[in-house]
Structures are given as C-alpha cells and as structure tokens.
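463 is the number that the working numbering gives the last residue of the sequence shown; the numbers go up by one with no jumps.
Built from N, CA and C at the ideal position, the CB exists for glycine as well.
Take a look at the structure below.
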Amino acid sequence: MKINVLLGLQWGDEGKGKIVDVFASQYSVIARFQGGPNAGHSLEFDNVKHILHNIPSGVFHERILNIIGNGVVIDPVILRQEVEELQEKGININSNLLISRRAHLILPTHRILDAASEAAKGKSKIGSTLKGIGPTYMDKTGRNGLRVGDIEDTNFMEKYEFLKNKHKTLLNQYDYDYELEEEEKKWFEAIELMKTFRFVDSEHKINQLMAEGKTILAEGAQGTLLDIDFGSYPYVTSSNTICAGACIGLGVSPKNVGNVYGVFKAYCTRVGSGPFPTELTNEEGKQLQQQGNEYGATTGRPRRCGWLDLPALRYAIMLNGVTELLMTKADVLSKFKKIKVCTGYKINGEKIDYLPYDQHQIEEPIYQEFKGWDKDISEIGNFDDLPESFKKYIKFIEDQTGVPIKLISNGPDRKHLIEK
Ligand code: GDP
Ligand code: IMO
Ligand code: MG
C-alpha cells in the first residue's frame, strides 16, 4: 500500500490540521515528516479547539497510530506540554505515539541561539517562531546534532554537555543575555517523560506497515513556499516542506507515494518576514485578517493577508505533484463584494505568469476580478447548494491549475466540509 501525503501549498497555516483530522477516519497511521514545534495545527470538534505542535493530528482517534518521523525536530519541553494538555482532556497517547530514534532533539541552547541570531539580524530578521528550528537543523546537517536514539545511550549526558558547550561558545559571539539553568531543568524533566514513549526505527516500522497494507497519511508542516530550497530564501524554514520531504523524513521510497493532497486557503496569508506578492495592506487585508481570525496558532502573531496567488499555487502544485486540491477558509470570503485572484505579475513593465526567483522584483500583481457571493456559506453542506459565483471561482482555479478541487472547507469545525 502506498502512502498518501497531505501538505500546505502556501506559506503555512492552510488548515492542514483540520483536514488531517477529517481524513483521519480513513487511515491507520498518521506520520509527521519534517518541521517541529514551529508548526501549530488546529483541529476543532464538539466546540473545542485543539492545537498540536510536535504531535501528529491523528491523536484524537484512539485506533490510529501516530508517528513522529526521522525528519522532525522535537522539543521535549513542548512535547511534554502537549502530552499533558491532552491528558487533561482525557486523552492518553502513550500507546499510540511512536517516536523515531533518528529525529533530532531541540536543546534549550538551540532556542537561545535562534533568538540571539534573529535579534542580531535586526530589520532583516526571518520572523522565526523562535522554537530553535534553524539551529537544530544546522546541527543536523553539520553532523553535531543530538538524536532521540542518543537518549538510550549511556553517554547521553556527555553528548549533551559537549553540544551545549559548543553552543555556549557560539553564544559568546552575540551580545545576548540568557538564562539556562531553569530551562535545562525543565528539559531534562521532559526527557524523562519522553522515555515513557516508544522509540522506534520508524523507517522500518513504516515500510513494514505499508507491506501489511495499512493506510498511511504523511502530514506536512509549514508550507511549500517556506521550503528551504524552493521558498523565498532566506525567508523560509529550515526543512524541505514539499512532498519529497516526506520520502526523506519517513524513509519511504518515491515510488511508494500515492495521492498528494495539496491544502490551500481561498486567499493567502503569511506570518513572518519575506516577499508576499498579493499582500493587502489596506482595509481589505484587515477584513481578511478579522474575518479569517488570522492570528498564528504557535506565536499569536497577526498573519499578513492577501488575495489568492495562482502562479504561486501552480508552482507549489508542480513541486509536489499534487493530485487533489483541498480548499480551506472559503467561508471567509463570503462578505466581499468583489474577489480578486492573481494570474500573473508585472516585472520591469513586462507581464509574467510564473513565480520568479527574485520576488522582490515584482512591481505589481495582475488580477482577475470576480463577483462575490454576498452570502454566508458556512452552513452549506452540498456543493450544488453553493452560490453560482462561488462555483465560478472554483472552476476558474481548477482551469488555471489543471488539478481538481475535491474538498472545500467552510468553517473551522470537523463538520464544516463540502465534498465535490
Ligand atoms: P495549519 O497549520 O495548516 O494546520 O493551520 P492553522 O491551524 O495554523 O491555521 C488555520 C486556522 O484556520 C485555524 O484557526 C483553524 O481552526 C481555522 N480553519 C481551518 N479551516 C477553516 C475554514 O474552512 N474556515 C474557517 N473560518 N476557519 C478555518
Ligand atoms: P504550520 O505547520 C506558518 C514561518 C515563520 C517564519 C519562517 C521561519 O502551522 O503551517 P522557523 O520557526 O521555522 O525558523 O520560521 O517560517 N513558519 C510558519 N508559518 N505556519 C507554520 O507552520 C510555520 N512554521 C514556520 O513565521 O516566517
Ligand atoms: Mg499553523
């Protein structure tokens, strides 16, 4: 059985958590393959909202096995918080969460290095979530990292001290005050909690589950336009967020990837710095932010908002080999009289219809305007009952991307869903 991959096609926060939760009933296994606690995946049911950071979004289904893959970076302290919050809600995940031995650990000093590095960048800061993601992946590729498997090693403390001291030397280069003792204490307490979970060679486990015919969904974090290679570098995250990242982050061969579900919002948002061609800094942007409740699930920061960007969406579809599109937050556009969609950009007075290398060069987006639907669509459950102008919007996106939109999400709750 091949694995299916679900990922974000924009700058993150597309609503991946909600859709994974909706799809979860069809799967035996949900696996995260990259990123870490920079992710904030929201799920809502029975009028309660849950936000997950390290833990896959299948944990609310008892029979589902959740795997944190080798490509993920884990902060034990945040993992502990999540586990405890779930326990308070009566959900015990000890028996249905597996953690890869190859996943890297975020140390307290990684977080401090992230903050010191961002502070030193001043105006050109990335706008990182400051969860230590960049420094941890740097240590991974620099071959200095500490992995989950090291926790089982008798010289874990020695390895920890060695890396910590390396970080302390690096921190001397920054004019940055920090306090470590309390953070370290919390970190080691959290390591003890981590030990109560099963550490596995997840690449073997996943391939074995595939051979047994189990249905597996790989859950992406961040979004395609934040990919370390293909995003608007350096304003990106430090992992490969695209479909290929699922192969690397789980140990699955590319020939074993089945469907690729691309989640996108009916408009665009971005949190943090970096180019955003269709960003609206006017009243319309504020309206999208308010109606969409666009505030970060991890940091609470307001998200920048703008119209849907088709060249950027086509780029993301190409990189991921998307087989089905899933549109979220369609309800948020309900009150707009006119809706715009970007079909190309003007650069040096010329029109182009693809996302260029240097997005700062874009002078202005070229828009196609649509009549709004002026009707609340959040209670609609059938595609046929949607307003004609909304259907036109859907058809236009499908024609422009060449990929069918199979699912429309029209509210944050599990039940807000329209199949097409
Ligand atoms: P993720 O990181 O991709 O999982 O997305 P986030 O959870 O960070 O952000 C998506 C936000 O939109 C969350 O607050 C969701 O509860 C909410 N959401 C998801 N789908 C919809 C939708 O269709 N309509 C509305 N109004 N909100 C949605
Ligand atoms: P989910 O999985 C939206 C952004 C940050 C910053 C850049 C680098 O919830 O969609 P990092 O902390 O990785 O060093 O930050 O990437 N970013 C996200 N934006 N959703 C996310 O995750 C994000 N994870 C990181 O805001 O611009
Ligand atoms: Mg999010």
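{"Query": "N283, buried or exposed, once every other Cβ within 10 Å from all chains shown has been counted against 16", "Result": "buried"}
{"Query": "Complete alpha helix (DSSP H) runs within the segment 203-279 (minimum length 4 residues, chain order)", "Result": "224-237 and 245-254"}
{"Query": "Continuous beta strand (DSSP E) assignments of at least 3 residues falling wholly in the segment 382-434", "Result": "393-395 and 407-414"}
{"Query": "E127 versus I134 - alpha carbon distance", "Result": "9 Å"}
{"Query": "Residue range of the beta strand (DSSP E) that includes G292", "Result": "No beta strand (DSSP E) contains G292, which is instead part of the alpha helix (DSSP H) from C286 to L293."}
{"Query": "Contact check, T371 vs E57, beta carbons under 8 Å", "Result": "yes"}
{"Query": "Min CB distance P455 to chain D below 8 Å", "Result": "Although the question refers to chain D, the structure presented lacks it and comprises just one protein chain."}
{"Query": "Contact belief for N448 with F433 at Cβ below 8 Å, rounded distance in angstroms", "Result": "One detail in the question is off: residue 448 reads as Ile in this sequence, not Asn. Not confirmed; about 11 Å, so no contact."}
{"Query": "The segment 360-367 / the segment 196-203 touching (three or more Cβ pairs under 8 Å)", "Result": "no"}
{"Query": "For the ligand MG, residues whose Cβ lies under 5 Å from any non-hydrogen atom", "Result": "D56, G83 and A340"}
{"Query": "Uninterrupted beta strand (DSSP E) stretches inside the segment 97-154 (no shorter than 3 residues)", "Result": "108-111 and 140-143"}
{"Query": "Local conformation of M44 per DSSP, three classes", "Result": "coil"}
{"Query": "Option nearest A158 by Cα separation, candidates K308, G349 and L213", "Result": "L213"}
{"Query": "G335 beta carbon near the ligand GDP (any heavy atom closer than 7 Å)", "Result": "yes"}
{"Query": "T386: CB within 7 Å of a non-hydrogen atom of the ligand IMO", "Result": "no"}
{"Query": "Per DSSP, the bridge partner or partners of T312", "Result": "C348"}
{"Query": "Separation of V65 from S452, as counted between CA atoms", "Result": "10 Å"}
{"Query": "Proximity of A261 and A289 at Cβ, strictly below 8 Å", "Result": "yes"}
{"Query": "The ligand GDP heavy atom lying under 7 Å from the CB of S282", "Result": "no"}
{"Query": "Closer than 7 Å: G454 CB and nearest the ligand GDP heavy atom", "Result": "yes"}
{"Query": "Cβ pair count under 8 Å reaching 3, the segment 394-410 against the segment 334-343", "Result": "no"}
{"Query": "For G328, the nearest candidate out of K383, A264 and S68 (CA to CA)", "Result": "K383"}
{"Query": "T324 - DSSP class collapsed to helix/strand/coil", "Result": "coil"}
{"Query": "Cβ-heavy atom distance, E128 to the ligand GDP, below 7 Å", "Result": "no"}
{"Query": "Closest Cα partner of T312 within the set G294, F240, G266 and N302", "Result": "G266"}
{"Query": "Close beta carbons around I409, own chain, < 8 Å, minus the five adjacent residues each side", "Result": "C385, T386, G387, Y388, K389 and K394"}
{"Query": "Pick from L148, I249 and Y219 that is closest to G78, judged by C-alpha positions", "Result": "L148"}
{"Query": "Residue interval of the alpha helix (DSSP H) (run including F66)", "Result": "K59 to F66"}
{"Query": "I259 versus K463, F426 and R106, residue with shortest Cα-Cα distance", "Result": "R106"}
{"Query": "L86, enclosing alpha helix (DSSP H) - first and last residue", "Result": "First-last for L86: H84 to F88, but that is the beta strand (DSSP E), not the alpha helix (DSSP H)."}
{"Query": "Residue of P455, D442 and I73 minimising C-alpha distance to M253", "Result": "I73"}
{"Query": "Per DSSP, the bridge partner or partners of I73", "Result": "N109 and L260"}
{"Query": "CB of E326 within 8 Å of CB of N113, strictly", "Result": "no"}
{"Query": "The ligand IMO heavy atom lying under 7 Å from the CB of S171", "Result": "yes"}
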